[in-house]
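**Q** Could you have a look at this structure, given as structure tokens, before my questions?
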Amino acid sequence: MRAVVLEAHGEPLAVREVSEPSAPSDGVVVETEACGVCRSDWHAWQGHGEWVDDRVPAGQVLGHEPAGRVVEVGADVDSLDVGDRVVVPFNLADGTCPACRRGRTNYCEGATALGFGPEAPGAFAERFPVPNAEVNTVELPSGVSSVAAASLGCRFVTAFQGLDAVGDVSGGDVVVVVGCGGVGLSAVQVGAALGGSVVAVDVRDEPLDFAAEQGARWTVNASEVDDVPARVRELSGGADVSVDALGASETCRNAVGSLASGGTHVQVGLTGAADRGEIPLPMDAIVQRGLAVAGSRGMPPARYEDLFRLVERGGVDPEALVTETVELSAVPDRLAAMSEFDAVGIEVVTEFG
Ligand SMILES: [Zn+2]
Ligand SMILES: [Zn+2]
6 MRAVVLEAHG EPLAVREVSE PSAPSDGVVV ETEACGVCRS DWHAWQGHGE WVDDRVPAGQ
66 VLGHEPAGRV VEVGADVDSL DVGDRVVVPF NLADGTCPAC RRGRTNYCEG ATALGFGPEA
126 PGAFAERFPV PNAEVNTVEL PSGVSSVAAA SLGCRFVTAF QGLDAVGDVS GGDVVVVVGC
186 GGVGLSAVQV GAALGGSVVA VDVRDEPLDF AAEQGARWTV NASEVDDVPA RVRELSGGAD
246 VSVDALGASE TCRNAVGSLA SGGTHVQVGL TGAADRGEIP LPMDAIVQRG LAVAGSRGMP
306 PARYEDLFRL VERGGVDPEA LVTETVELSA VPDRLAAMSE FDAVGIEVVT EFG
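This is how it looks when you write it as structure tokens:
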């Protein structure tokens, strides 16, 4: 079958034949119907993450935002059948460690990440295996298309978990979202759906216009103002919750600086080679103004039901963020284009053969 393979960091990705997966006794094989193209794929391709021992090795099949249909079921799997439509959260959990037992499967201590480790070949492929499938698949409601489901993960679920569970956004809150790529636009939609007044910040007008369509009340072009936090406070009175959806010193510090007293910063963007995981923050101001700084990654599968309910009742529309559907063979070019930081919205692979 065909798959997108990382052969060497930063070198063109290969689309080539790889061997067929088979279902482990506790797992399934899923035929991919849709898989989102994400900046995390770009980080993996670039070889980022070594500073947190998270560098993706050469030889990896990438792709971590899939939806598809079960085509093979392992002998020990009872809850899934051939033909079931599923979405697969990228954090593949063991279901048994202390974090999983507390329901925090997105922080599983024995986790492997789909498309990021040799034991978990990814979904930029015609088919992919899912270990421990009863924990690591979520059945799709009939009202949610494969493209919508693929556009949920990882960006939309990250935004939903970050704003709903971590930021505890509710009606009347001001939410500032810095960086309007896939996860940022998702956060704009989710923040508005949770009743927040959203300030969207980016350095380009095009994603800001898109953010306004997705529910942002105010937009700030950071390349046109000297002091982004001052502008956010002037517009909104200061944010109750801030999100750095990019992962860089400037975006993180602008987000934290935009908070009103008692506000919470949620970091969802992972840093790149310029910061290598280290961002200085104004700690005295954090103390004096009672701010909280939290990280958030992924979402436990158990919470998908809440998100599906929000999608089905029209509160959020993840498919509206999909600006293009592409073939598997386009993935190397689409990731290369991410080096320019000029795409808008989410691209989803829908043709795999
Ligand atoms: Zn675990
Ligand atoms: Zn992703």
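Numbering (my numbering), first residue to last: 6 to 358. Beta carbons: idealized from backbone N, C-alpha and C, even for Gly.
Are there any heavy atoms of ligand 1 lying less than 7 Å away from the beta-carbon of Gly-32, as far as the coordinates show?
**A** no
**Q** What does the Cβ neighbour count give for Arg-106, buried or exposed, with the cut at 16 atoms within 10 Å?
**A** exposed
**Q** Check each residue's C-beta against every heavy atom of ligand 1 and list, in chain order, those closer than 7 Å.
**A** Ala-98, Asp-99, Gly-100, Thr-101, Cys-102, Ala-104, Cys-105, Thr-110, Cys-113, Glu-114, Gly-115 and Ala-116
**Q** Check whether the Cβ of Cys-159 lies closer than 7 Å to any heavy atom of ligand 2, and answer yes or no.
**A** yes
**Q** If I'm right that Val-349 touches Thr-330 with Cβ under 8 Å, what's the distance once you round it to whole angstroms?
**A** With a Cβ gap of about 15 Å, Val-349 and Thr-330 do not count as contacting.
**Q** Under 8 Å: do the region 299-315 and the region 153-171 share three or more Cβ pairs, one atom per stretch?
**A** yes
**Q** Determine the closest residue to Gly-282 out of Asp-232, Gly-300, Ala-205 and Ala-221, with distance taken between C-alpha atoms.
**A** Gly-300
**Q** Go ahead and label Pro-234 buried or exposed: buried means 16 or more other beta carbons lie within 10 angstroms of its beta carbon, across all protein chains shown.
**A** With a 10 Å radius around the Cβ and a threshold of 16 neighbouring Cβ atoms, Pro-234 comes out buried.
**Q** So, for Gly-15: in the same chain, excluding its five sequence neighbours on each side, which residues have a beta-carbon less than 8 Å away from its beta-carbon?
**A** Trp-50, Gln-51 and Gly-52
**Q** Quick check: the Cα distance between Cys-257 and Val-180, rounded to an integer number of angstroms?
**A** Taking the straight line joining both Cα atoms gives about 14 Å.
**Q** CB Gly-196 to CB Val-182, shorter than 8 Å?
**A** yes
**Q** Per DSSP, what kind of secondary structure is Val-233 in: helix, strand or coil?
**A** In this structure, Val-233 counts as helix in the three-state DSSP scheme.
**Q** Once the 5 residues before and after Glu-211 are set aside, which same chain residues still bring their CB inside 6 Å of it?
**A** Val-349
**Q** For Glu-38 and Val-75, what's the separation of their Cα atoms in angstroms?
**A** Their backbone Cα atoms lie some 11 Å apart in a straight line.
**Q** So is the beta-carbon of Glu-4 under 7 Å away from any non-hydrogen atom of ligand 2?
**A** In the structure as shown, the chain begins at 6 and stops at 358. Residue 4 is therefore absent and cannot be evaluated.
**Q** What's the gap between the Cα of Ala-198 and the Cα of Phe-161?
**A** 13 Å
**Q** Secondary structure at Val-188, three-state DSSP: helix, strand or coil?
**A** In the structure shown, Val-188 sits in a helix (DSSP, three-state: H, G or I).
**Q** Could you check if Gln-166 is buried or exposed, using at least 16 other CB atoms within 10 Å of its CB as the buried criterion?
**A** buried
**Q** For the beta strand (DSSP E) that Cys-113 lies in, which residues bound it at each end?
**A** Per DSSP, Cys-113 belongs to no beta strand (DSSP E) and is neither H nor E.
**Q** Using only the heavy atoms of ligand 2, determine whether one of them is closer than 7 Å to the beta carbon of His-69.
**A** yes
**Q** According to the Cβ coordinates, are Gly-274 and Ala-250 closer than 8 Å?
**A** yes
**Q** Please work out which residues of its chain come closer than 7 Å, Cβ to Cβ, to Arg-238, disregarding the five sequence neighbours upstream and downstream, and give them in chain order.
**A** Ser-263
**Q** Measure from the alpha carbon of Val-87 to the alpha carbon of each residue in Glu-144, Asp-322, Val-149 and Ser-254, then state which is nearest.
**A** Cα-wise, what sits closest to Val-87 is Glu-144.
**Q** Comparing alpha-carbon positions, which option in Thr-117, Trp-47 and Val-193 lies nearest Gly-277?
**A** Trp-47
**Q** When the Cα atoms are used, what is the spatial distance from Asp-280 to Arg-60?
**A** 15 Å
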